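S.K.: Under our numbering, the first residue of the sequence shown carries the number 348, and numbering increases by one thereafter.
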Amino acid sequence: MDRRRDICFRGDLIEPLFGLIRRACTVGARIAIADPGRPPFQTLASRCVSELGAWTEPVITPEPLVAWP
């Protein structure tokens, strides 16, 4: 059974998603989040690094690039 999931998120979901990620980590789940360049991603990723011992890696994306406000 495929257990991979995709969740889109925005700024107001940072707190609930962080709680879900923290909870999943307590049972040994491995999680990858990717949406670089969007401020909600940067905020969530930074918090995971500082509070959960996560790490980030540089990502290079080909065009099209979208400028997020």
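Glycine included, C-beta positions come from ideal geometry on N, C-alpha and C.
Only a predicted model underlies this, so the values are computations on that prediction, with no experimental measurement involved.
What three-state label does DSSP hand A381 in the structure shown?
M.R.: Here A381 sits in coil by DSSP.
S.K.: For E404, name the three-state secondary structure that DSSP assigns.
M.R.: In the structure shown, E404 sits in coil (DSSP, three-state: anything other than H, G, I, E or B).
S.K.: Measure how close the beta-carbons of T403 and V396 come, nearest whole angstrom, since I'm counting them as under 8 Å.
M.R.: About 6 Å separates the two Cβ atoms, so the contact holds.
S.K.: DSSP on G358, reduced to helix/strand/coil?
M.R.: Of the three classes helix, strand and coil, the one that applies to G358 here is helix, per DSSP.
S.K.: If we call anything under 8 Å between Cβ atoms a contact, is L399 one with R369?
M.R.: Yes.
S.K.: In whole angstroms, what separates the C-alpha of A379 from that of P387?
M.R.: If you take the alpha carbons of A379 and P387, they lie about 15 Å apart.
S.K.: With distance defined between alpha-carbon atoms, name the residue in V374, D382 and G366 nearest to R357.
M.R.: Nearest of V374, D382 and G366 to R357, Cα basis: D382.
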